[in-house]
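**Student:** I have a structure I would like to understand better, so I am pasting it below and will then ask my questions one at a time.
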Amino acid sequence: MAQKYQELMQRLNDVHQLQASAGLLGWDQQVLMPAANAHARGAQLAVLSRLAHEILTSDETARLFEDAERELNDADYDSKEASMIRVAKKDYDEAVRLPSEFVAELARQTAVSHEVWAQARANNDFRAFQPTLERMVELKQQQAGYLGYSQHPYDALLGQYERDMTAAQVKAIFDEHKPPLVSLIAAVKERSDRVSDAVLHQPYDIDRQRQFALDVVAGYGFDFTRGRQDVAVHPFCSGFSRSDVRITTRFYEDFLNPSLFGMMHEAGHGMYEQGVSTEIDGTLLGSGTSLSVHESQSRMWENIVGRSRGFWNWAFPQLKALFPEQLANSDVERFYRAVNIVKPSFIRVEADEATYNLHIMLRFELEMDMVAGKVKVADLPEEWNDRFEAYLGIEPPSDALGVLQDVHWSSGLMGYFPTYALGNLLAAQYYRKAIEERPNIPDDIASGRFDTLLTWLNEKIHVHGRKFTTDELTRRITGEGIQSRYYMEYLEKKYGEIYGL
Ligand code: ZN
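Counted the way this note's numbering counts, the sequence shown spans residues 10 to 510.
What follows is the structure in structure tokens.
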């Protein structure tokens with residue numbers, strides 16, 4: 010019975026296990042490995058990636074796909090079998106279009122480019138990075154050509170992170186909420202004296218920061234018997250199966266936000282990975298459906314829950330017990346306002362909920378224009394600064410605080426940025442549906458009970474893993490595709506109240 014399908018599964022299992030092993034080596038590189046070993050680790054990762062690519066794109070795999078599709082063409086769309094073939098076939102179609110010489114050249118260029126970028130950023134020297142970035146843009150244009158697209162080359166790049174989403178769709182969603190965001194931020198600016206975040210910028214003992222943040226995310230429902238937390242320079246979450254999900258955090262001695270909200274954020278990603286159904290665990294389906302849906306989970310726990318008044322009603326007394334001196338002159342309301350301050354800033358990763366999506370829109374527009382050849386790399390700093398001032402009302406004083414700040418372009422990750430902003434929108438859209446179906450959620454959060462929300466997310470989103478696309482999943486849950494208006498409603502209500510707009 011379904012013998013070809015079983016054979017296909019065995020091959021896909023080899024691919025998945027190789028990828029998971031490569032992922033673990035990648036985690037090790039960022040968390041534990043001596044930096045001096047970078048070359049040897051690169052060689053190990055290259056072999057694993059090549060083997061996975063070879064197995065996935067082999068003629069035998071292609072034949073098995075055809076046979077298995079014939080064998081199972083009556084299978085229900087939602088079934089594990091139909092989903093496995095549908096999703097894996099997309100992975101296959103994409104992998105097989107890229108010649109292996111191109112894959113190797115891209116990997117080589119990425120390794121070089123990363124070093125050049127890191128140096129250029131440290132020296133605030135865009136011109137030193139320019140030729141490398143020009144080469145990367147060429148490679149990305151080639152890649153789009155290999156992958157194929159119907160309207161814009163950017164579609165092909167975006168499609169690697171968001172199956173079936175196009176640049177035109179993203180542009181429409183962004184165009185819709187850019188003007189209200191710009192005016193919201195301008196209105197807040199008029200009343201910026203209403204909120205101070207000085208309380209967050211004080212000496213905070215790192216061991217106590219860790220203790221508090223770990224308690225919070227354990228309370229959220231991150232399962233430490235199936236996961237762990239470590240320190241890393243650039244925080245991230247890696248899942249190798251639902252029983253091994255690892256989050257990382259960075260700590261600052263004089264600023265509370267990075268550890269606390271960073272831990273909530275990564276735990277949001279982690280609980281998604283831990284919630285995948287056992288039926289598809291350890292397969293190509295056993296991970297988040299897309300980057301935007303993944304980001305919706307991290308943003309929901311970090312912002313919608315972790316920056317809510319209800320959450321702080323519950324959490325503030327506990328934080329104050331750990332830091333009585335620092336919080337002696339603060340109360341719940343002042344602290345709640347402090348963690349929700351809106352202040353245009355130059356660095357994306359430090360941006361508040363209101364300004365964040367504007368940082369993304371700027372990058373999205375520039376990426377599209379670069380890939381289409383409309384904006385030359387040489388003109389990028391000027392283009393960046395002009396748009397930044399138009400959207401956020403401030404002009405970056407240096408390229409290090411402007412066009413050079415992110416790692417993505419040097420790593421060839423073009424088409425990736427929009428998923429962050431879409432994640433914010435989806436977080437608001439899903440949360441709205443969650444409280445419609447489970448009206449107790451806000452009260453439960455205010456009394457430190459997070460399982461009502463987590464169970465809902467588990468049932469509606471997590472169990473499905475990669476079975477559905479972002480659009481399919483969002484329609485199943487909310488009855489409509491991705492919308493920006495729920496995010497805007499959420500922001501306008503919250504900041505309207507805090508800033509008295
Ligand atoms: Zn994230």
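For glycine and all other residues, C-beta sits at the position ideal for the given N, C-alpha and C. The structure presented is a predicted model; accordingly, all values stated were derived computationally and were not measured.
My output table needs one value for F320: the three-state DSSP class, helix, strand or coil.
**Tutor:** Helix, per DSSP.
**Student:** Taking the alpha-carbon of Q12 as reference, which of F74, L41, A227 has the nearest alpha-carbon?
**Tutor:** Residue F74 is the option with its Cα nearest to Q12.
**Student:** What ranges does the alpha helix (DSSP H) occupy inside the segment 271–320, keeping only unbroken runs of at least 4 residues that lie completely in it?
**Tutor:** Fully enclosed alpha helix (DSSP H) runs of 4 or longer: 300–308.
**Student:** Count the other CB atoms, across all protein chains shown, that sit within 10 Å of the CB of N46; report buried if there are 16 or more and exposed otherwise.
**Tutor:** By the neighbour-count rule (16 or more Cβ atoms within 10 Å), N46 is not buried but exposed.
**Student:** Can you tell me which of Q139, P140, D415, G424 puts its alpha carbon nearest to the alpha carbon of S301?
**Tutor:** When only C-alpha atoms are compared, the closest one is G424.
**Student:** For S58, verify whether its CB is less than 7 Å away from any heavy atom of ligand 1.
**Tutor:** Checking the Cβ of S58 against ligand 1 gives no.
**Student:** Using a Cβ distance threshold of 8 Å, determine whether the segment 263–281 contacts the segment 383–396, with at least three qualifying pairs required.
**Tutor:** With a cut-off of 8 Å, the segment 383–396 and the segment 263–281 do not count as touching, because too few Cβ pairs lie within range.
**Student:** Would you say H473 touches ligand 1, meaning its beta carbon is less than 7 Å from a heavy atom?
**Tutor:** Flag unset: Cβ of H473 not near ligand 1.
**Student:** Output yes or no for whether 8 Å exceeds the beta carbon distance between T298 and F477.
**Tutor:** Yes, they are a contact pair.
**Student:** For a test of the three-state rule: what should DSSP assign to I403, helix, strand or coil?
**Tutor:** In this structure, I403 counts as coil in the three-state DSSP scheme.
**Student:** Do you know offhand how far A347's Cα is from G319's?
**Tutor:** Taking the straight line from one Cα to the other gives about 15 Å.
**Student:** Alpha helix (DSSP H) containing F264: first to last residue?
**Tutor:** Where F264 is concerned, there is no enclosing alpha helix (DSSP H), given that its DSSP letter is neither H nor E.
**Student:** Give the DSSP-derived three-state secondary structure of F249 in the structure shown.
**Tutor:** F249: strand per DSSP, three-state reduction.
**Student:** Would you say V24 and A61 are within 8 Å of each other, going by their C-beta atoms?
**Tutor:** Closer than 8 Å, so yes.
**Student:** What does DSSP give as the partner residues of Q238 in its beta bridges?
**Tutor:** Paired residue(s): I256.
**Student:** Helix, strand or coil for N82, going by three-state DSSP, please let me know.
**Tutor:** Three-state result, N82: coil.
**Student:** Which residues end up in the neighbourhood of ligand 1 when you take C-beta atoms closer than 6 Å to any of its heavy atoms?
**Tutor:** This criterion selects H274, H278, E304, S307.
**Student:** Are there 16 or more other CB atoms within 10 angstroms of the CB of A360, so buried, or fewer, so exposed?
**Tutor:** Buried is the call here.
**Student:** Locate the alpha helix (DSSP H) running through D100, then write down its first and last residues.
**Tutor:** Segment 89–106, the alpha helix (DSSP H) holding D100.
**Student:** When you compare the CB positions of A153 and A165, do they come within less than 8 Å of one another, or not?
**Tutor:** Yes, the Cβ-Cβ distance between A153 and A165 is below 8 Å.
**Student:** How should R72 be labelled, buried or exposed, when 16 other C-beta atoms within 10 angstroms of its C-beta is the threshold for buried?
**Tutor:** Answer is exposed; the Cβ neighbour count stays below 16.
**Student:** Leaving out five residues on either side along the sequence, give the residues of the same chain with a beta carbon under 8 Å from the beta carbon of V472.
**Tutor:** Answer for V472: G284, V285, S286, listed in chain order.
**Student:** In terms of residue numbering, what span does the alpha helix (DSSP H) encompassing R343 cover?
**Tutor:** From DSSP, the alpha helix (DSSP H) with R343 extends over 341–347.
**Student:** To which residues of the same chain is S305 closer than 7 Å at the C-beta, ignoring the five residues directly before and after it?
**Tutor:** Correct list, in chain order: G432, L435, A436, Y439.
**Student:** Could you give the first and the last residue of the continuous alpha helix (DSSP H) run that contains G32?
**Tutor:** Residues 12–40.
**Student:** Closest to I182 by C-alpha separation, out of A29, M370, A116, would be which residue?
**Tutor:** The residue with the shortest Cα to Cα distance from I182 is M370.
**Student:** Can you give me the Cβ contacts of L331 inside the same chain, cut-off strictly under 6 Å, excluding the 5 residues immediately before and after it?
**Tutor:** Taken in chain order, the residues that qualify are R217, F221.
**Student:** Can you name the start and end residues of the alpha helix (DSSP H) that W465 belongs to?
**Tutor:** Note, W465: alpha helix (DSSP H), 460–469.
**Student:** Who are the near neighbours of K329 in its chain, counting only those whose CB is closer than 6 Å to its CB and skipping five residues on each side?
**Tutor:** Same-chain partners within the cutoff: L336.
**Student:** Which same chain residues end up closer than 7 Å to I215 when comparing Cβ atoms and leaving out the 5 residues on each side of it in sequence?
**Tutor:** These residues qualify, in order along the chain: F260, E262.
**Student:** Select from R251, G402, G35 the residue whose C-alpha is nearest the C-alpha of G291.
**Tutor:** For the residues R251, G402, G35, the minimum Cα distance to G291 belongs to R251.
**Student:** Determine the direct distance from the alpha carbon of L115 to that of S88, and round the result to whole angstroms.
**Tutor:** About 36 Å.
**Student:** Could you give the uninterrupted runs of the beta strand (DSSP E) lying entirely in the segment 349–389, keeping only those of 3 residues or more?
**Tutor:** The segment 349–389 contains no whole beta strand (DSSP E) run of 3 or more residues.
**Student:** Contact check, Y508 vs R203 under 8 Å by CB: the rounded distance?
**Tutor:** Correct: roughly 5 Å between the Cβ atoms.
**Student:** Counting pairs of Cβ atoms below 8 Å between the segment 22–41 and the segment 50–66, do you hit three or more?
**Tutor:** The segment 22–41 is in contact with the segment 50–66.
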